[in-house]
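Data block below; observations after.
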Amino acid sequence: MSVSLAIVALVTAPLVAALIAVILPRWGPWLSLLVVAGNAAALVVLIPAIVSQGALTLPIGGWQAPLGITLRADGMALAFLTMAALVMAAVLVSARPEFGGGGEVTETRRQWAFWPLALLLWSALNVVFLSRDLFNLYVALELLTVSAVALVAIDGKADGLGAALRYLMFALLGSLAYLLGAALLYAQHGTLDIALLADQAIGGRAAVDMMAVGLMTAGLAAKTALFPFHAWLQPAHSGAPAPASAMLSALVPKASFAILIRIWFEALPGLATPPLLVTLGAMGAIAIVYGSVLALRQTRLKLMIAYSTVAQIGYLFLIFPLAGGDSYMQPWAAGAWTGVMFHALSHGLAKASMFLCAGLWIVAAGSDRIEAMRGLASATPMIASAFALAAVTLVGLPPSGGFTAKYLMLTSAFVSGQYVWAAVLLIGGLLSAAYLYRPLAVAFARDGDAVFKPVPRLAQAMPLMLALAAILLGLASQGPFALMQIGRPSSAEAGLQ
Amino acid sequence: MIDGTASDIAATGFDLVLAAMILGAGLFAVTVRDLFGAVVFFIVYGVFVALAWLRLGALDVALTEAALGAGLTGVLLIGAVARLGRRTGTQGTDALSRRSAFSVRSVSQIATMLVSAAVSVALGWAFLSLSDSDGLRAGVAANLDASGVSNPVTAVLINFRGWDTLLESIVLLAALIGLWSLWRDDDWGRRPGLRQHARADGVLAMFGRLLPPFGLLFGVYMVWVGSSLPGGAFQGGTVLAAVWLLMMMAGLMPPPMVTSARIRAVLIAGPLVFLSVGIIGAFAGGFLGLPPAYAKPLILMIEAALTLSIAATLALLVLGPPGGPAMPSGPGDAP
Chain A
1 MSVSLAIVAL VTAPLVAALI AVILPRWGPW LSLLVVAGNA AALVVLIPAI
51 VSQGALTLPI GGWQAPLGIT LRADGMALAF LTMAALVMAA VLVSARPEFG
101 GGGEVTETRR QWAFWPLALL LWSALNVVFL SRDLFNLYVA LELLTVSAVA
151 LVAIDGKADG LGAALRYLMF ALLGSLAYLL GAALLYAQHG TLDIALLADQ
201 AIGGRAAVDM MAVGLMTAGL AAKTALFPFH AWLQPAHSGA PAPASAMLSA
251 LVPKASFAIL IRIWFEALPG LATPPLLVTL GAMGAIAIVY GSVLALRQTR
301 LKLMIAYSTV AQIGYLFLIF PLAGGDSYMQ PWAAGAWTGV MFHALSHGLA
351 KASMFLCAGL WIVAAGSDRI EAMRGLASAT PMIASAFALA AVTLVGLPPS
401 GGFTAKYLML TSAFVSGQYV WAAVLLIGGL LSAAYLYRPL AVAFARDGDA
451 VFKPVPRLAQ AMPLMLALAA ILLGLASQGP FALMQIGRPS SAEAGLQ
Chain B
1001 MIDGTASDIA ATGFDLVLAA MILGAGLFAV TVRDLFGAVV FFIVYGVFVA
1051 LAWLRLGALD VALTEAALGA GLTGVLLIGA VARLGRRTGT QGTDALSRRS
1101 AFSVRSVSQI ATMLVSAAVS VALGWAFLSL SDSDGLRAGV AANLDASGVS
1151 NPVTAVLINF RGWDTLLESI VLLAALIGLW SLWRDDDWGR RPGLRQHARA
1201 DGVLAMFGRL LPPFGLLFGV YMVWVGSSLP GGAFQGGTVL AAVWLLMMMA
1251 GLMPPPMVTS ARIRAVLIAG PLVFLSVGII GAFAGGFLGL PPAYAKPLIL
1301 MIEAALTLSI AATLALLVLG PPGGPAMPSG PGDAP
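Chains as they are written, first to last, in this note's numbering: chain A, 1 to 497; chain B, 1001 to 1335.
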């Protein structure tokens, strides 16, 4: 009972709070804190429950699939839910000074719109991580897209509007392709439930399934901003206000990626063919190199962080060749699968931390040029340490979660003899060290004359909390590692073939 | 016997003509140069598609396509074209930039056409190789008695897959929040939409007085009948939205203030009632579970609240941001 209530709380608490925030905008910050507390309580109930009992399912309305929609809390879902809760907690606390309203008498447009949009985005994420129904996932993706696009434009500047419109076009095309694929799968199999699809399509490689999954993969890749569908990402992520950028970069691409994993590893694992897996991996590899090189060339901090996201998303797609491939590689598939999950989680924490840092630094320095950050480290030591720790995670240095991720991926690449992907991983790591070194070197440089605006302590603590969580993910990797194995699809163990 | 074949042939002929007209309207909508013309063909296309749904026996889908796909989307697009015209009309078009962009545009147009054609061919081929599946028709029929309603579409939308409908109603609300978040800061607190100048004794004002009672009745009937016959919250809500828009256009009532707590309460009423029923259910035994004994009154309550919210949201989406003094004045606005 309490377990199913916890699942219900995860998907409904942010929704209820968002609705109330529409009429009572002043309550937005407090409602958000309530949702953070509620989500934390639900996770505290759920995680021990699934550790002891295994993955839990909740048929909504009591209707079993295929008629109804099922929510399922497995290890992967809970790992992503926890990451999202940490990021959202930090984002919502950080957003208070900017969107909280303070003592003004009249309500403003930005203050009214931010809280419902952020809370709706959170609820959409939670639904994506838990839902097992392909159409329900589509509706959740739509909710995610609409709120994310509005958040890109919330500053009301011309750049933001343009970026939001471009993002909307890409995301809508992606949604349509995904929906078309889901409709084909329903027409073929008479069900939209991931588990039932897996039972039905076992071993077969029907042409319709190939077509459907191809469309869905293309659509989701566009929404995840995989190269070459990344053109919308950097203007959208760098143009939004910092709390919104943190959500957009750390969380939103993870939702469409999670659905991709559900489709390829759980619903229709029989469809994978080596050329397909290599193609997806190659697009990821190009994204890593391309995004890193462009990040190196940026002179503005937020644009650099946004290009870094283009690169980091590339690593996610190495899951396809690393956890797939020929039979002799398969003993290492589980390691690669878990490694990519670690990467998704630690990138989420570190990237949110970095965007929050950037937002505070831009306020303190009055500019978003990297050069303007000279000497900031001594003025804002907490932000500087947060940025440095987040960089440690993104580069993949021990003892961070990023290190655990790269270690697992590299091991499986070397042992299974896929040296090309190992080389990509190493080059990507070196390049990220190069582009992240620059802002850090500038910030830690001495500059006695620089005058900065003071930044409140609580605001500085939020990115530090996230960066420490990313480090902790590597230091205490055993717990999350064991959690992610709960309800892990058998294809992640045996490898896609 | 002969009559049967004759009507079969007539029906097939009608379907073929309809299919050709759908394709033709679609083709014109994408090839016509003039934006307004494209929108008109888009609306025509929507009406034909609604007819096609009718021919396929999907009356609920046909109603929704006519109301939302052709009607509401058409009005939104016409509004967008009108605003675009006002914007670009003042700036004029730069012939030079147009010429230099021409090659890029035509390349991207050809690429789009090729991708669309490839997807269409692949879809057609996939459709022909589909295995016979009855979908969930049998499952819905078997559980219809426990759903509380006799219209299978309503049973799926509010009961079996109520979670989807709940989230969709919230997507609609999110779209309105997104639209309102694009307003200018100075406009916040004003009334949405252009200011209407209807003559008190004009045709519009007369229709504004004459039609609403019938529209209201029809909208409420659509929702009520939805439990047993085609109809429901989305279709009824669209009719009510049209009634409200007509009354505002006729100058009989002003649009609500964007900051009004009352209109915001109407906007969230539907999703909130639906969610509350779901959460109370979670404590009573199952999230969004409707016990068969209470299912019908609960569904009617949810539908009623949803209809109000959908009507308000759709009407406010159509009204859009405020026009008038704060808008940059176009050539036609000069006094």
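Glycine included, C-beta positions come from ideal geometry on N, C-alpha and C.
Could you give the residue range of the alpha helix (DSSP H) that holds residue i?
i               : result
A1261 (chain B) : 1261 to 1284
A218 (chain A)  : 207 to 224
N1143 (chain B) : 1137 to 1147
K157 (chain A)  : Neither: K157 (chain A) is in no alpha helix (DSSP H) and is coded neither H nor E.
L464 (chain A)  : 457 to 475
F414 (chain A)  : 401 to 415
D1060 (chain B) : 1059 to 1064
F229 (chain A)  : Counting along the chain, F229 (chain A) falls outside any alpha helix (DSSP H), and DSSP gives it neither H nor E.
P29 (chain A)   : 28 to 53
K1296 (chain B) : 1292 to 1319
Q478 (chain A)  : 478 to 484
W337 (chain A)  : 333 to 365
R438 (chain A)  : 419 to 444
W63 (chain A)   : First-last for W63 (chain A): undefined, no H or E at that position.
R96 (chain A)   : 96 to 99
R1055 (chain B) : 1035 to 1055
G1248 (chain B) : The question names Gly, but residue 1248 (chain B) in the sequence shown is Met. Counting along the chain, the alpha helix (DSSP H) containing M1248 (chain B) begins and ends at 1233 to 1249.
L394 (chain A)  : 381 to 395
V11 (chain A)   : 2 to 23
P1256 (chain B) : Looking at the DSSP string, P1256 (chain B) is not in any alpha helix (DSSP H), and its letter there is neither H nor E.
P321 (chain A)  : 319 to 322
Tell me the DSSP bridge mates of residue i?
i              : result
L71 (chain A)  : A:L58, A:S131
D193 (chain A) : A:D133
R374 (chain A) : Answer is none; R374 (chain A) lacks a bridge partner.
R369 (chain A) : A:R300
List the whole-angstrom C-beta distance separating residue i from residue j, where the pair is believed to meet the contact cut-off of C-beta under 8 Å.
i               : j               : result
A222 (chain A)  : F170 (chain A)  : 5 Å
I1299 (chain B) : L1290 (chain B) : 7 Å
G428 (chain A)  : I288 (chain A)  : 4 Å
F320 (chain A)  : L360 (chain A)  : With a Cβ gap of about 37 Å, F320 (chain A) and L360 (chain A) do not count as contacting.
I1078 (chain B) : V1039 (chain B) : 6 Å
A467 (chain A)  : A350 (chain A)  : 6 Å
A240 (chain A)  : G160 (chain A)  : 7 Å
D447 (chain A)  : G375 (chain A)  : 3 Å
L120 (chain A)  : A1174 (chain B) : 5 Å
I1009 (chain B) : A1052 (chain B) : The pair is not a contact, with the Cβ atoms about 19 Å apart (cut-off 8 Å).
L394 (chain A)  : S477 (chain A)  : Contact doesn't hold; Cβ gap of about 17 Å is too wide.
N1143 (chain B) : S1228 (chain B) : At roughly 16 Å, the Cβ-Cβ gap does not stay under 8 Å, so N1143 (chain B) and S1228 (chain B) are not in contact.
L1308 (chain B) : G1278 (chain B) : That pair is no contact at about 18 Å.
A55 (chain A)   : R72 (chain A)   : 6 Å
### Task
For the stretch 1142 to 1172 of chain B, enumerate the residues whose C-beta is nearer than 7 Å to any C-beta of chain A, in chain order.
N1143, N1159, F1160, R1161, G1162, W1163, D1164, L1167, E1168, I1170, V1171
### Task
Closer than 8 Å, Cβ to Cβ, to anything on chain B: give me those residues from the stretch 21 to 36 of chain A, in chain order.
V22, I23
### Message
So within the stretch 1154 to 1211 of chain B, which uninterrupted alpha helix (DSSP H) runs reach at least 4 residues, ignoring any that extend past its ends?
### Response
1162 to 1180
### Query
the stretch 1255 to 1270 of chain B: which residues have C-beta closer than 7 Å to a C-beta of chain A, in chain order?
Closer than 7 Å at the C-beta level to chain A, one finds these residues of the stretch 1255 to 1270 of chain B: T1259, A1261, R1264, A1265, L1267, I1268.
### Query
Along the stretch 183 to 214 of chain A, what residues have a CB closer than 8 Å to any CB found in chain B?
L184, Y186, A187, Q188, H189, G190, T191, A206, A207, V208, M211, A212
### Query
Which residue spans inside the stretch 239 to 311 of chain A form an unbroken beta strand (DSSP E) run of at least 3?
none
### Query
Taking Cβ-Cβ distances below 9 Å as the criterion, which residues of the stretch 2 to 19 of chain A are in contact with chain B?
Per Cβ criterion, the list reads S4, L5, I7, V8, A9, V11, T12, L15, V16, A18, L19.
### Members of the stretch 381 to 414 of chain A near chain B, C-beta cut-off 7 Å
none
### Interface positions of the stretch 148 to 173 of chain A facing chain B (Cβ-Cβ less than 9 Å), listed along the chain
V149, A150, L151, A153, I154, G156, L161, A164
### Task
With 9 Å as the limit, tell me which residues of the stretch 82 to 113 of chain A have their beta carbon closer than that to any beta carbon of chain B; keep them in chain order.
Of all residues in the stretch 82 to 113 of chain A, only T106, E107, T108, R109, R110, W112, A113 place a beta-carbon less than 9 Å from a beta-carbon of chain B.
#### Entry: Proximal residues, the stretch 348 to 374 of chain A versus chain B, C-beta separation under 7 Å
none
### Message
At a CB distance below 8 Å, what residues from the stretch 230 to 262 of chain A approach chain B? Give them in sequence order.
### Response
none
### Task
Compile a chain-ordered list of the residues in the stretch 131 to 147 of chain A whose CB is closer than 7 Å to at least one CB of chain B.
F135, N136, V139, A140, E142, L143, V146, S147
### Query
What residues in the stretch 55 to 76 of chain A have a beta carbon less than 7 Å from any beta carbon of chain B?
L58, I60, G61, G62, W63, P66, L67, G68, I69
### Query
In chain order, what residues of the stretch 415 to 427 of chain A put their CB closer than 7 Å to some CB of chain B?
Taking a C-beta cut-off of 7 Å against chain B, none of the residues of the stretch 415 to 427 of chain A qualify.
### Query
Which residues, in chain order, does the stretch 1272 to 1297 of chain B contribute to contact with chain A at a C-beta distance below 8 Å?
Taking 8 Å as the Cβ-Cβ cut-off, the stretch 1272 to 1297 of chain B approaches chain A at L1272, L1275, G1278, I1279, G1281, A1282, F1283, G1285, G1286, F1287, L1288, G1289, L1290, given in chain order.
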